[in-house]
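Structure, as structure tokens:
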Amino acid sequence: MSRRLLVTGGAGFIGSNFVHHVVENTDDRVIVLDKLTYAGNQKSLEGLPDDRVELVVGDIADDALVGELVPRVDAVVHYAAESHNDNSLNDPRPFLDTNIIGTYTLLEAVRRQDTRFHHISTDEVYGDLELDDPARFTESTPYNPSSPYSSTKAGSDLLVRAWVRSFGVRATISNCSNNYGPYQHVEKFIPRQITNVLRGIRPKLYGKGENVRDWIHADDHSSAVMTILDKGEIGETYLIGADGEKDNKTVVELILTLLGQEPDAYDHVTDRAGHDLRYAIDSTKLRTELGWMPQFQDFEAGLAATIDWYRENESWWAPTKDGVEAFYAAKGQ
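Heads up, the numbering used here is the position in the sequence shown plus 369, with the first residue counted as 1.
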């Protein structure tokens, strides 16, 4: 039996990939609620059937609008967030408005309707690990956020936990590692480097490029979220990862190699403030308790497919590229 899902931030990178995943793999219908800020792109939903996907342009902090939409659905999947670390360092306020107040608004709406709620979060709430530390983040790792972005995501996670315990909201949480794949804004690390090379611009690498991220393809994130929505235990947190640890230097050099360039054809730029060293996810709980497994375990193959998507979809990313590079150029990055 098909469900009706409200997907917040469904025109953003990870959210739009989830909407495509839902349409391709289920009979569910989706209402996308997206503010269509710079990070949301209506073109990311092009080609999806109108009778399955409805776009509502609006703010998750708009109580009246959220109050109208939640009674129409069986579950809310909450992707919407201000999510770019550099932007949070430049202007933290939007992160408070969206990540804290927006999440609160949604929680109150699902509380009134007793609607199933799944909250998408990030591994950045745990802070970072030393480069030589054999440990990985687990569901019991203490929160230690480093930036306005990660601290507001940590705050939103705690709100969800409190609404579960205090009000009986039927919610689950997932914290995921770094995603890559189609429809990702060119301000982000992998698409920025890909589109730089495609335009004949030398890629830029923060510091020495030793920072490690645990990469997962957006399709795997989507399948994990669907698994949690279907099988997850209310009140539980699940970490989503695909054992994809790579340092930034390795990723840039692989992008250059896959695009036929010399692997050292990049420039080092000033590191950003508070740049976390290493993220690493232990997704044992999700795999053993809910039976999920990632499908994209070959990072090089997944990256090659992502490069192909950006090569074939310049019309999607070109309108924002110049503005992003101008922003970084002004900062010497």
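Quick reminder that beta carbons are idealized off the backbone N, C-alpha and C, glycines included.
- Straight-line spacing of the CA atoms in His-487 and Val-445 works out to 6 angstroms.
- Counting other Cβ atoms within 10 Å of its Cβ, His-637 stays below 16 and is therefore classed as exposed.
- Assigned with DSSP and collapsed to three states, His-488 falls in strand.
- The three-state reading of DSSP puts Ser-509 in coil, since its state is none of H, G, I, E or B.
- Below 8 angstroms, too few C-beta pairs join the region 616–630 and the region 588–603 to call them touching: fewer than three.
- Under the three-state reduction of DSSP, Tyr-552 is assigned to coil, being neither helix nor strand.
- Counting C-beta pairs with one atom in each stretch, the region 493–509 and the region 435–444 have fewer than three that are closer than 8 angstroms, which means they do not touch.
- The C-beta distance from Thr-689 to Val-555 rounds to 6 angstroms, short enough to fall under 8 angstroms.
- Boundaries cannot be given for Ser-413, as no beta strand (DSSP E) includes it and DSSP labels it neither H nor E.
- For the region 514–575, the continuous alpha helix (DSSP H) assignments of 4+ residues that do not extend past its boundaries occur at 517–536 and 558–567, in sequence order.
- Going by beta carbons, Val-426 and Leu-476 fall outside the 8 angstroms limit.
- Looking at the DSSP output, Val-425 sits in a beta bridge with Leu-402.
- Residues Ile-469 of the same chain have their beta carbon placed closer than 6 angstroms to that of Gly-524, with the five preceding and five following residues left out of the count.
- For the pair of segments examined, the region 507–525 was found not to touch the region 551–566: the number of CB pairs separated by less than 8 angstroms stays below three.
- The beta carbon of Asp-640 is closer than 7 angstroms to those of Tyr-575 and Gly-576 in its chain, skipping five residues each way along the sequence.
- By the neighbour-count criterion, in which 16 or more other beta carbons inside 10 Å mark a residue as buried, Pro-572 falls on the buried side.
- Residue pairing for Thr-606: DSSP places it in a beta bridge opposite Ile-542.
- DSSP, read as helix, strand or coil, puts Thr-474 in helix.
- Within the same chain, Cβ atoms closer than 7 angstroms to the Cβ of Glu-631 are found at Leu-625, the five residues on either side in sequence being excluded.
- Going by DSSP, Glu-437 is part of the alpha helix (DSSP H) stretching over 432–438.
- Closest in C-alpha terms to Ala-649, from the list Asp-588, Glu-493 and Arg-373, comes Glu-493.
- Under the three-state reduction of DSSP output, Lys-615 falls in the strand class.
- Counting other Cβ atoms within 10 Å of its Cβ, Leu-528 reaches 16 or more and is therefore classed as buried.
- Less than 8 angstroms divides the Cβ of Val-376 from the Cβ of Val-401.
- Under the three-state reduction of DSSP, Asp-667 is assigned to coil, being neither helix nor strand.
- Taking every protein chain shown into account, the CB of Gln-664 has fewer than 16 other CB atoms within 10 angstroms, so this residue is exposed.
- Spatial neighbours of Pro-440 in its own chain (CB-CB distance under 7 angstroms, excluding positions within 5 residues in sequence) are listed in chain order as Gln-482.
- Taking the Cβ atoms as the reference, Asp-455 lies roughly 19 angstroms from Ser-490, outside the contact range of under 8 angstroms.
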